[in-house]
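First comes the structure, then the notes that go with it.
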Amino acid sequence: MKHWQELEETQPTVARVLQNSVIRKRLAHAYLFEGGRGTGKRAAAFLLAKAFLCEQTEAANPCLTCRECRRAESGNHPDMHVIHPDGATIKVEQIRQLKKEFSMRGMESQKKVYVVEEADKMSVGAANSLLKFLEEPEGESLAMLLTTNAYQMLPTILSRAQVMSFAPLSPDRVTRALVEEGYNEKEAGIAAKLTSDLTEAEQFFEEQWISQAREKVIQLIDDLILRPFDSFITLHETVIPFFPERETVQTALDLMMLWYRDVLRVQVGQSDAIVYIDQEEMLSKQAFQLSQGKLGNNLQAVMDAKRRVNANVSPQLVMEQLLLRLQEG
Ligand SMILES: [Zn+2]
């Protein structure tokens, strides 16, 4: 990432706040960048580091040609340090080493930058050691702590850093990221609708869970229309065993909701926006069979079911009653 405008496309608030702070020379000594994986925390940290070190910025954008920029870009800047977990944690020795390097004066400028990736993985010792560092910033220093789990950070650290929250990824971005990682597009689009967290989205693909989940929900919906008497058998033999827990039943209900919304999209001529991209034929058939009123009722029924599962009603009972409502004319 080279310019603030680039960051602004996905993280407008963060980009504006940071850019303005550089322009006004009002940067905090320490920032906590928190947000899901893939939201651009790392790219923003490196951009800010360059904007901080560069001596000929324009509108807070690093020039990318000066010595400072080039060294920062290559990862060889003597006053810029990046720390990431050594194994499962960030160890106290790593923070001590960092302090040691920072205490060595004689570099060209007084500016020092450090980035701590996966900062929630700091051991208690490391966190306490870093805390002292944050409390007594030396010279012109800039610390950036990156985390996907801000709630796991020590409150004392949180209170000493300015928190910048990175907005969740849009479904389009999650889909693109998943497809780039090699996941099937027809499932990626659905996973992206179920969560904006890339790590969580990837978990749906473990043991092809999402692919099977999708098939089972489609079968249930198909039975409801074509073989209504079979739908209870499908529910008990296929759907409930696959979605046994409260949490997974919620996902099944989300998948149903996405389906009925797709049918509605086809009805209003927005087929290009459907989520079940390989099911256009069946969606079109249902768009013809189901009235808009009926579709609205179905969506309402699924939402009610979600609420009841949440309110601790037995998921099995909720699903049975949902089927009855969906079968009504
Ligand atoms: Zn520069």
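Per our numbering, residue 2 is the first one in the sequence shown, and the count goes up by one each step. C-beta atoms are modelled at their ideal positions from N, C-alpha and C, and glycine is treated no differently. Keep in mind it's a predicted model, so treat the numbers as computed, not measured.
Does any heavy atom of ligand 1 sit closer than 7 Å to the C-beta of residue i?
i: Glu74; result: no
i: Pro63; result: yes
i: Thr148; result: no
i: Glu69; result: yes
i: Gln57; result: yes
i: Thr66; result: yes
In or out: residue i buried (at least 16 other Cβ within 10 Å) or exposed?
i: Arg215; result: buried
i: Leu325; result: exposed
i: Ser130; result: buried
i: Ile234; result: exposed
i: Leu8; result: buried
i: Asn77; result: exposed
i: Thr196; result: buried
i: Lys190; result: For the sequence presented, residue 190 should be read as Gly rather than Lys. Looking at its Cβ environment, which holds 16 or more other Cβ atoms inside 10 Å, Gly190 is buried.
i: Met123; result: buried
i: Gly36; result: buried
i: Ser232; result: buried
Please confirm whether residue i and residue j have their CB atoms less than 8 Å apart.
i: His85; j: Glu119; result: yes
i: Ala73; j: Ala50; result: yes
i: Asn151; j: Gln12; result: The question names Asn, but residue 151 in the sequence shown is Ala. Not in contact: Ala151 and Gln12 (Cβ atoms no closer than 8 Å).
i: Leu1; j: Asp263; result: Residue 1 lies beyond the range of the chain shown here (2 to 330); nothing can be said about it.
i: Glu141; j: Lys112; result: yes
i: Ala61; j: Gln20; result: yes
i: Gln290; j: Ile226; result: yes
i: Gln153; j: Asp121; result: yes
i: Pro79; j: Cys70; result: no
i: Val267; j: Met320; result: no
i: Met257; j: Val218; result: yes
i: Lys187; j: Asp279; result: yes
From the DSSP output, read off the bridge partner residues of residue i.
i: Ala144; result: Ala31 and Tyr115
i: His82; result: Tyr115
i: Asp121; result: Bridge partners of Asp121: none, in fact.
i: Asn185; result: Asn185 pairs with nothing; no bridge assigned.
i: Met165; result: Phe34
i: Asp87; result: Thr90
(message) When you compare the stretch 216–232 with the stretch 176–183, are there three or more beta-carbon pairs, one atom per stretch, that lie closer than 8 Å?
(response) no
(request) Flag this pair as touching only if the stretch 137–147 and the stretch 169–179 have three or more C-beta atom pairs under 8 Å; answer yes or no. (result) no
(message) Pairs of beta-carbons, one from the stretch 304–315 and one from the stretch 259–278, closer than 8 Å: are there three or more?
(response) no
(request) Flag this pair as touching only if the stretch 39–55 and the stretch 14–31 have three or more C-beta atom pairs under 8 Å; answer yes or no. (result) yes
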